[in-house]
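Encoded as C-alpha cells, the structure appears first; notes follow it.
In our numbering, the protein residues as written are 474 to 1306.
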C-alpha cells in the first residue's frame, strides 16, 4: 500500500498527483493484457489510432477519454481487457511536412510519435504499452506486402488503366471515398480526372456481403453509419439492355433501374470522359471530333457532385451517331455529356426525359423530344402536367401508357414483362448494379508501403516472394520528395532496378506505394501479435481476443476506413486466417470538439491547445469535462463547458477520502442506512448508464453522491461512519473511469492499492427498495405540495391524495379543475381553468 500525497496544507493539487502516480503506473503497468495464466474472460476495446502530426489535440482528448471509460469499466467487471495503442504513421501529412521542412519523414514521424506517446502516458489512458505498433516501420508494413500478395494470388489485387481522381496539389490519385464535395480530403484542392494504370483491390467481389452483413450490426453500430455504408455500396436492381449502334459491330449495354420506361427513351447519352464517347466521336466527322475534344477539356475539372446536380445547366455534344431501341426499333441520337459518369453502370444511359429530371433538363436544353409513358397521378387522382410543358419530370409510379405490350400494367409487372421480352430477343437480362467501385490503392508518393511487385518484360507482373519481404523504402536522402505526378521512388534507380524472382532476368520494381487505408484495414489484428516475425498474427491470439468488442472513433471514417476493414476481414476469412466476418462488433462515434460554434483552427483564431488546458486545469479535469459535456456522439463546444468547475468538484471528492476516519474492511452494514441506500442506487444506475454510453449522467450521479456523503460527514453520521467509507470508496471506483489521478489518490488514502483493478462493488438489492417516495403536487405547473407515498401507489389513489392535500386546496381555491395529470408515484399536475 502507498501513502497519500503530502501536499501543501494537505490540499488537492493535481500537479502533485500527476507527478506522484505517473511513475507508479509506469512501474506497475496495471493494464498489461498478456500476463501468463490470466484466466479472466476477455474484452477487446480499440480506439482508432492517431496520425503522428504534432502533439495530441482536443479531439484526441475526447476520443481517448471515452474509450478509456469503457475499458476501465470492463476491468472493474472482471474482464481481461485488451486496450492497445499505436500510430497510423505513413501518409501525406508526414511527407508534406518533411518536404516543407526539408527533412526525412522518418525522423519527423519518430519525433512526433515520441511526443504523442509522452502525452498519452500523462493523459493516463488504460493502454497496454506492450502492444504498440507503428505502420511506417518495416516490421509492420512487411505484412501489408504479405497480405497484398495473398490478395494478388486470389485475383483480388489487380492493375488496370482507367480514369482516376487526381489531386493536382498533392500530385497523387485518390480513391472515390477520399474526394469530399469534389475536393481532396487532405488539402481541399479541386480534384480532376486523369487516365493512369493503377492498382486496385476488388472490393466489389464482396459488395453483396458488405451490404447484407450490415444487418448483423444494426443493434450495435450507429444507425447513421449503417445508412452511410448502405448508400455508398448503393445496390440497385434493374436490367442490362443491349442497344445496337449504327456503324459499330458491338452493341453497348445500358443499365437501368426502370426498363419499363424503355418506350419513353428519345435519345442516348454517353459519359463525355469515357472510352466509348471517344470511340463514337472518332467515328464521326472531323467537326464533331474537334467539338467533342473541346467539350471534354472544358468539363474535366468538374466534380462528380457538380456533374450529377440537377441545378447545373446541361451541356453536351451531339456525336452524329444513333442507337437502336430494342423494344420498338426507333433510332435514338447519341450525345456526349458530363452529367453521365463513366464509372456508373456502363457509362451510357437511355434518356427518358418525361420521367427523369436531368434527362428532361437536357432534352429541353437541346430541343429533344419528350414522351410520357407512365400515367402518374396526384393524390386526388388527377393527371400531372405534361413534363414537356411544365419542365418537371414525373418520377413516380403509375400505369404504363404509349408502351406497346406494357400498356395498362403497373411498374413491377411491366418491369418483369419487358425483361422477359428482352431476354427472349437476346437484347437484355435482369441485372444488379452497385455504386461501390473497386478500391484504388496506388499512390504516387514516397511515404507509404512499397507495392511488392516487379515488372518483367518476359513474365509480366511478378509478386516478390515472401522470404524477400519486406521490400523496404530506399533512404529519403538524395531523393526529391516533391509531388510531380510520378512517384519519387522512380528516381531511386538502384532501388528500382532488380531481377525477376521468376526468370532471373532484369526487371523493375513497382514505384507506387499503397494507400494508407491498407495499413488501418487490419491493424486491429496485428495488435494481437505485435512482434510476431513468422506471420502477421497468431491464430491462437485471434481466437482469444478477436473480433473487437468495442470500437471508438470519429464518424468521419464511417465509409473509408470501416468499409475497407470489413472487406479485409471477409477476405482474410476466406483465406482461412480468421473465423469471423465483421471486425468490430460494436461501434461508438464521438462528436467533435469545437470552439464558439465552429471547428478549431489557427486561421479562425479559436484554437484551444490541449497541452495548455492540461497545464492549467489538470488531466483529470479535462477528462471529466469531456465526459460530462453531453452524450458521446454530440459535439462539444469548449466555450460552453467548465474544466475549472470540474477541478473544483474533484477537490471536493478528494477531500471525502481525506476525511474518512474508519478503518479499511469495516462492515458498512452498521452504517447510516439512508446514505447506504443512495450509494447502492448510484452503483446500480451507473453500471447501466456506462453500458449505455451515458457517461455524462454517470458523472452527474457521482457528483450527487459526493454531495450526499459530504452532508453525512458534516451534519449527520460523521467521518467514522462505515457508510461514509463505503460511499467514499464507491466515489473513488466510479471516478477512476474519468479522473484516474484523483481516484487513485483517494483509493490510497482509503488504504487500498490500484483503484483501476478494483472490482466493481456488488449492489445490495435490498437497499434499493424505497419504503416511500416523494410525490410533487403541482397546480398550473407550480409546486404546491409534497407527499410521501408508497412506490406502488396507483394513479387513482394518488390523484385523490393530491387533490385533498392542503397545498393543492389553497392553490385551487374556487377555480374549476380542467384536468389532472398523474405520473405515479412521482408527480401530479392539476390544471385549472
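Here a beta-carbon is modelled for each residue, glycine too, at the ideal position from N, C-alpha and C.
Could you tell me which of 1030, 1051 and 956 sits nearest to residue 1015, measuring between CA atoms? It is 1051 whose Cα lies nearest to the Cα of residue 1015.
Using the beta-carbon count (16 or more within 10 Å), is residue 543 buried or exposed? Counting Cβ neighbours within 10 Å, residue 543 comes out buried, since at least 16 surround it.
Whole-angstrom distance between residue 1085 and residue 531, CA atom to CA atom: It is roughly 11 angstroms from the alpha-carbon of residue 531 to the alpha-carbon of residue 1085.
Indicate whether residue 1293 and residue 1248 have their beta-carbon atoms separated by less than 8 angstroms. Against a cut-off of 8 angstroms, the Cβ pair of residue 1248 and residue 1293 comes out as no contact.
Environment of residue 1074 [buried if 16+ CB atoms lie within 10 Å]: Under this definition residue 1074 is an exposed residue.
From the DSSP output, in three-state form, read off residue 1304 for me. Strand at residue 1304.
Residue ranges of each alpha helix (DSSP H) within the region 1207-1293, 4 or longer: Under the rule that a run must span 4 or more residues, the alpha helix (DSSP H) segments found entirely inside the region 1207-1293 read 1213-1222, 1268-1277 and 1279-1285.
Closest by C-alpha distance to residue 929, when choosing among 632, 997, 835 and 972: Of the listed residues, the one whose Cα sits closest to residue 929 is 972.
For residue 1057, which residues does DSSP report across the bridge? Per the DSSP secondary-structure output, residue 1057 pairs in a beta bridge with 1021.
Going along the chain, which residues of its own chain have a beta-carbon closer than 6 angstroms to the beta-carbon of residue 730, five neighbours each way excluded? 709 and 711, listed in sequence order.
Given residue 1304 as reference, the closest of 1250, 1279, 1297 and 1259 once Cα atoms are compared: Ranking 1250, 1279, 1297 and 1259 by Cα distance to residue 1304 puts 1250 first.
Using the three-state DSSP reduction, which class does residue 1110 fall into: helix, strand or coil? The answer is strand: DSSP assigns residue 1110 an E or B state.
Note down the Cα distance separating residue 734 from residue 768, rounded to an integer number of angstroms. Between the C-alpha atoms of residue 734 and residue 768 there is a straight-line separation of about 30 angstroms.
If you check the beta carbons only, do residue 1207 and residue 1170 fall under 8 angstroms apart? Not closer than 8 angstroms, so no.
Near the ligand NAP: residue 1096 beta-carbon under 7 angstroms from a heavy atom: The ligand NAP is not among the ligands present in this structure, which contains no ligands whatsoever.
Would you mind giving the Cβ-Cβ distance between residue 962 and residue 919, rounded to the nearest angstrom? I have them listed as a contact below 8 angstroms. Yes, they are in contact, since the Cβ atoms of residue 962 and residue 919 sit about 6 angstroms apart, within 8 angstroms.
Taking one C-beta from the region 544-558 and one from the region 500-507 each time, how about it: are there three or more such pairs within less than 8 angstroms? Touching, per the Cβ criterion.
Return yes when the Cβ of residue 1152 is within less than 8 angstroms of the Cβ of residue 1123, no when it is not. No, these two residues do not count as a Cβ contact at 8 angstroms.
Whose C-alpha, out of 975, 997 and 737, is nearest the C-alpha of residue 844? Out of 975, 997 and 737, 737 has the C-alpha closest to the C-alpha of residue 844.
At what residue ranges does the region 861-909 contain a whole run of the beta strand (DSSP E), taking only runs of 3 or more? DSSP runs (the beta strand (DSSP E)) wholly in the region 861-909: 901-906.
Could you tell me which residues DSSP pairs with residue 815 in its beta bridges? Partner(s): none; residue 815 has no beta bridge.
Please tell me whether residue 540 and residue 1025 are closer than 8 angstroms, where the distance is taken between their beta carbons. Yes; because the gap between Cβ atoms is below 8 angstroms, this pair is in contact.
Do you know how far the Cα of residue 1234 is from the Cα of residue 1146? Going by the C-alpha atoms only, they are around 17 angstroms apart.
Leaving out five residues before and five after residue 1261 in sequence, what residues of the same chain have Cβ atoms less than 7 angstroms from its Cβ? 1245 and 1247, listed in sequence order.
Helix, strand or coil at residue 849 [DSSP, three-state]: The answer is coil: DSSP assigns residue 849 none of H, G, I, E or B.
Quick one: what does DSSP say residue 928 is sitting in, helix, strand or coil? DSSP places residue 928 in strand when its eight states are reduced to three.
Give a yes or no on whether the C-beta atoms belonging to residue 1066 and residue 982 are separated by under 8 angstroms. Their beta carbons are not under 8 angstroms apart, which means residue 1066 does not touch residue 982 by this criterion.
Given residue 1242 as reference, the closest of 1229, 1265 and 1256 once Cα atoms are compared: Out of 1229, 1265 and 1256, 1265 has the C-alpha closest to the C-alpha of residue 1242.
Roughly how many angstroms separate the alpha carbons of residue 755 and residue 762, rounded to a whole number? Those two C-alpha atoms are separated by around 6 angstroms.
Given that a residue counts as buried once 16 or more other Cβ atoms are within 10 Å of its Cβ, and exposed if not, what is residue 704? Per the 10 Å Cβ criterion, exposed.
Report yes if the CB atom of residue 1101 is closer than 8 angstroms to the CB atom of residue 1204, and no otherwise. Residue 1101 is not a Cβ neighbour of residue 1204, given a cutoff of 8 angstroms.
How many angstroms separate the CA atom of residue 1259 from the CA atom of residue 1115? If you take the alpha carbons of residue 1259 and residue 1115, they lie about 34 angstroms apart.
Status (buried if at least 16 other CB within 10 Å, exposed otherwise) for residue 999: Classification of residue 999: buried, given that the 10 Å Cβ count is 16 or more.
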